[in-house]
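Numbering (the working numbering), first residue to last: 592 to 1034.
This report refers to the structure that appears directly beneath it.
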């Protein structure tokens, strides 16, 4: 026992040391990236004029907005457009411009989302390093002073944007790989391999903004941001409207459906039955209403637990849904009670045959949690117009007929008899209500 404990302790200490070593590696990579980014930025000469400062202010504000509100390149895309103002700053103002815009963006995230500081430092450093890669690629092309000429600027900027993506995503993949102990290549493939086409589009946008700035100035370039802002808020409004619609539909569903079985509830059933009766009155046909109560359900609940009882109710609901035709209806109206109606019934005898079909389905055993259960049904039938002219009367009379079957031991069906005494029906309903109260109290 002591040896086993010692081995377990050794493994635990080893795992702890390994975790600490891994954390140190992650921290080292984060700090190294941040230091490298700051060093690269500090090495660059800063020669800004007034218009450059205005440009950087506009770009920094746009970057803060896009990162704060998760503005994506495409709807539901994982690619943020924050890289656009950063690369525009890199093209025109070099690494110092990247530093200003990237730090502003990360501050917006850090202050607005309670993001850990070390993550913001890493992200800012990664943006600086990837920005340096973008500038190196850009300077490798012989564009000279034609940085703002279109379309000559397009190809270098697109290639530089892709280089920026590969460097940035590579750094992020390294951190994820250290934390998850997965190969860096596998992490990159799983998380970033589908994104290069998105960055190709971002490169085109960057080139267009640079050309606009050089040819028309900051104010005109800033107008490009307006549609982005408008689209973002339009998406927000659309999403809010969609959420409201979904919430409204969910409330309606809960108002008209049983929470356990997802069948229509009593209110929904009566509304649909009213429509069926109205149609039958015009076509001079009948509507059969069936009231079904599970036999032995309380015993199943008491001996096997409520989870098994709920499973049985769901199985019964599925079996009933398979029995009805298009235009017919089924509902759960109580603990173990269900109602059905059948349209286009020609005769009273046909209604009885439908009840027989339902009863036969419930005489089959139930396979629940690897066990075979027996729970039959007591069924009462009422027919429009012979046994009532409105939903409540028909359901009440079918309930009365069902209870007569219940008193005989269940596992049968009976059609409502007009000669049934009102006092008998009242006594049956009172006794049934008492049983329902007992059932709900036990639940």
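Backbone N, C-alpha and C fix where the C-beta goes; we use that ideal spot for every residue, glycine too.
Values in this document were obtained by computation on a predicted structure and should not be read as measured data.
What are the partner residues of residue i, as DSSP defines its beta bridges?
i	result
residue 1004	970
residue 848	855
residue 958	963
residue 877	936
residue 975	878
residue 913	None; residue 913 has no bridge partner.
According to the Cβ coordinates, are residue i and residue j closer than 8 angstroms?
i	j	result
residue 690	residue 719	yes
residue 692	residue 677	yes
residue 768	residue 778	yes
residue 681	residue 697	no
residue 864	residue 921	no
residue 828	residue 970	no
residue 849	residue 993	no
residue 957	residue 964	yes
residue 726	residue 686	yes
residue 929	residue 898	no
residue 878	residue 1007	no
residue 806	residue 783	no
residue 751	residue 786	no
Under a three-way DSSP split, which group does residue i fall into?
i	result
residue 783	helix
residue 989	helix
residue 619	For residue 619, the predicted structure reports a pLDDT of 44, less than 50, and the residue's modelled location is therefore unreliable. A value from the coordinates is still provided. DSSP places residue 619 in helix when its eight states are reduced to three.
residue 930	strand
residue 963	strand
residue 892	helix
residue 583	Look at the range of the chain in this structure, 592 to 1034, and you will see that residue 583 is not part of it.
residue 882	strand
residue 953	helix
residue 999	coil
residue 981	coil
residue 935	strand
residue 711	helix
residue 671	strand
residue 663	strand
residue 628	Bear in mind that a pLDDT of 49 at residue 628, under 50, signals an unreliable position, so the number given afterwards is only what the model happens to contain. Residue state, collapsed to three classes: helix.
Taking residue i as the reference, give the member of the options with the closest Cα.
i	options	result
residue 900	879, 926 and 881	926
residue 953	940, 910 and 994	910
residue 656	905, 964 and 816	816
residue 812	662, 915 and 798	798
residue 1004	886, 934 and 898	886
residue 871	830, 846, 947 and 933	933
residue 856	931, 975 and 914	931
residue 982	875, 888, 725 and 860	860
residue 789	975, 807 and 663	663
residue 891	765, 845, 959 and 708	959
residue 646	792, 803 and 919	803
residue 674	786, 755 and 821	755
residue 1009	997, 999 and 972	972
residue 862	846, 852, 874 and 851	846
residue 869	935, 989, 831 and 776	935
Would a check of beta-carbon distances place residue i closer than 8 angstroms to chain B?
i	result
residue 830	This model lacks chain B altogether, as it is built from one protein chain only.
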